[in-house]
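Asker: Input: one structure, supplied below.
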Amino acid sequence: MGPPGAGKGTQAQRIADAYNIVQLSTGEMLRSAVAEGTEVGKKAKPIMERGDLVPDEIVVGIIDERFGSPDCANGFILDGFPRNTAQAEALDSVLEKRNMELDHVVELQVDDEALVERITGRFTCANCGEGYHDKFKRPQKPGVCDRCGHRKFTRRDDDTEATVRSRLEVYHRETAPLLAYYGAQSKVKSVDGMAEMDEVTRQIQAILGAP
Ligand code: ADP
Ligand code: ADP
Ligand code: ZN
Numbered sequence: 004m005g006p007p008g009a010g011k012g013t014q015a016q017r018i019a020d021a022y023n024i025v026q027l028s029t030g031e032m033l034r035s036a037v038a039e040g041t042e043v044g045k046k047a048k049p050i051m052e053r054g055d056l057v058p059d060e061i062v063v064g065i066i067d068e069r070f071g072s073p074d075c076a077n078g079f080i081l082d083g084f085p086r087n088t089a090q091a092e093a094l095d096s097v098l099e100k101r102n103m104e105l106d107h108v109v110e111l112q113v114d115d116e117a118l119v120e121r122i123t124g125r126f127t128c129a130n131c132g133e134g135y136h137d138k139f140k141r142p143q144k145p146g147v148c149d150r151c152g153h154r155k156f157t158r159r160d161d162d163t164e165a166t167v168r169s170r171l172e173v174y175h176r177e178t179a180p181l182l183a184y185y186g187a188q189s190k191v192k193s194v195d196g197m198a199e200m201d202e203v204t205r206q207i208q209a210i211l212g213a214p
């Protein structure tokens with residue numbers, strides 16, 4: 004868990020690789036639906052552009068369906084889901100139905116001021132999805148993806164300063180209360196998301212234990 008730009012995607016990808024589990028990002032799934040122009044994508048597009056939350060039944064449906072895939076059998080890391088109490092309750096019942104359990108909830112703590120800079124400088128490899136930043140993580144060879152060697156990068160339509168501010172508001176209003184929800188189950192561990200990327204990864208791995 005963490006506000007937009009906290010480093011959820013960056014860290015989730017590293018954890019997925021290190022622990023051989025899948026990264027389930029509802030934001031990524033919704034962006035592919037938008038790109039493909041599916042019914043879900045058509046509904047989600049204007050909502051995502053405003054920085055609001057897509058209706059619960061859509062994201063819960065996507066996640067529930069995804070849990071059934073064989074690649075989830077070894078475990079998964081949820082990135083950007085759940086985002087409000089209704090989604091957390093739906094997640095509990097979906098997990099129970101499938102005899103699965105959440106092991107940890109990791110919170111990335113980052114100051115609001117740092118988030119705007121992180122989000123407005125963010126870009127991604129169009130081929131493999133590796134995340135970069137204009138200031139904090141440039142490709143080693145300019146214009147070439149470190150991970151896959153491709154030369155095309157994309158920026159998200161909703162990564163503008165105005166949209167980030169409304170996404171942040173939504174986070175504080177709708178999503179932050181989940182810290183109390185999971186705190187009541189003694190599942191939340193908080194990490195200093197202001198630290199440098201590798202240090203954040205080390206802190207998360209210390210919480211999760213050996214792969
Ligand atoms: P989220 O998935 O939480 O929205 P990202 O993982 O996409 O966040 O990170 C947002 C931006 O900040 C990206 O450009 C990423 O490269 C950069 N970033 C991530 N973690 C850090 C960090 N610890 N320090 C500096 N920049 C970071
Ligand atoms: P970030 O963490 O950088 O804000 P995400 O990629 O997680 O970005 O989400 C992008 C957008 O997709 C959100 O602003 C929201 O409109 C939509 N979205 C993603 N996950 C959810 C979710 N669980 N519930 C509702 N909307 C979601
Ligand atoms: Zn790449």
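Sequential numbering of the sequence shown, starting at 4, is according to this note's numbering.
Don't be surprised by glycine CBs; every beta carbon is placed ideally from N, CA and C.
Quick caveat: nothing in here was measured; it's all calculated off a predicted structure.
Locate the beta strand (DSSP E) running through Thr127, then write down its first and last residues.
Answerer: It spans 125 to 128 - the beta strand (DSSP E) in which Thr127 sits, taken as one unbroken run.
Asker: Just verifying my parser: in three-state terms, what is the DSSP assignment at Ile80?
Answerer: Of the three classes helix, strand and coil, the one that applies to Ile80 here is strand, per DSSP.
Asker: Name the DSSP bridge partner or partners of Gly134?
Answerer: DSSP, once it has assigned bridges, lists Thr127 as partnering Gly134.
Asker: Measure the Cβ-Cβ separation of Phe1 and Val25 and say whether it is below 8 Å.
Answerer: Residue 1 lies beyond the stretch modelled for the chain, which goes from 4 to 214, so this question has no answer here.
Asker: Quick one: is Lys45 buried, meaning 16 or more other Cβ sit within 10 Å of its Cβ, or exposed?
Answerer: So Lys45 counts as exposed.
Asker: Please report the straight-line C-alpha distance between Ala198 and Ala21, rounded to a whole angstrom.
Answerer: Spanning the two alpha carbons is a distance of roughly 20 Å.
Asker: Smallest Cα separation from Asp195: which of Gln188, Ser189, Arg205, Gly186?
Answerer: The residue with the shortest Cα to Cα distance from Asp195 is Arg205.
Asker: Per DSSP, Thr157 is paired with what?
Answerer: Thr127, per the DSSP bridge assignment.
Asker: Quick check on the DSSP output: the alpha helix (DSSP H) that includes Val37 runs from which residue to which?
Answerer: Val37 -> alpha helix (DSSP H) spans 29 to 39.
Asker: Note down, in chain order, each residue of its chain lying with its Cβ closer than 7 Å to the Cβ of Pro142, except the 5 sequence neighbours on either side.
Answerer: So the qualifying residues of the chain are Tyr135, Cys148, Asp149.
Asker: Rounded to whole angstroms, what's the CA-CA distance from Leu33 to Ala89? Just pull it up for me.
Answerer: Distance between the alpha carbons of Leu33 and Ala89: 19 Å.
Asker: Can you grab the Cα-Cα spacing for the pair Gly64 / Ile122, in whole Å?
Answerer: Near 28 Å, if we compare the C-alpha coordinates of Ile122 and Gly64.
Asker: So, at 7 Å on beta carbons, what are the nonlocal neighbours of Pro85 in its own chain, with the 5 sequence-adjacent residues on each side left out?
Answerer: Excluding positions up to five away in sequence, the list reads Ala91, Leu94, Leu181.
Asker: When the Cα of Ile61 is compared with those of Asp161, Cys75, Glu52, Ala36, which residue comes out closest?
Answerer: Of the candidates Asp161, Cys75, Glu52, Ala36, the one whose C-alpha sits nearest the C-alpha of Ile61 is Ala36.
Asker: Between which two residues does the beta strand (DSSP E) holding Gln206 run?
Answerer: Premise fails: Gln206 lies in the alpha helix (DSSP H), 200 to 211, not in any beta strand (DSSP E).
Asker: By DSSP's criteria, Gln14 is part of a beta bridge. Which residues make up the other side?
Answerer: Paired residues: none, contrary to the question.
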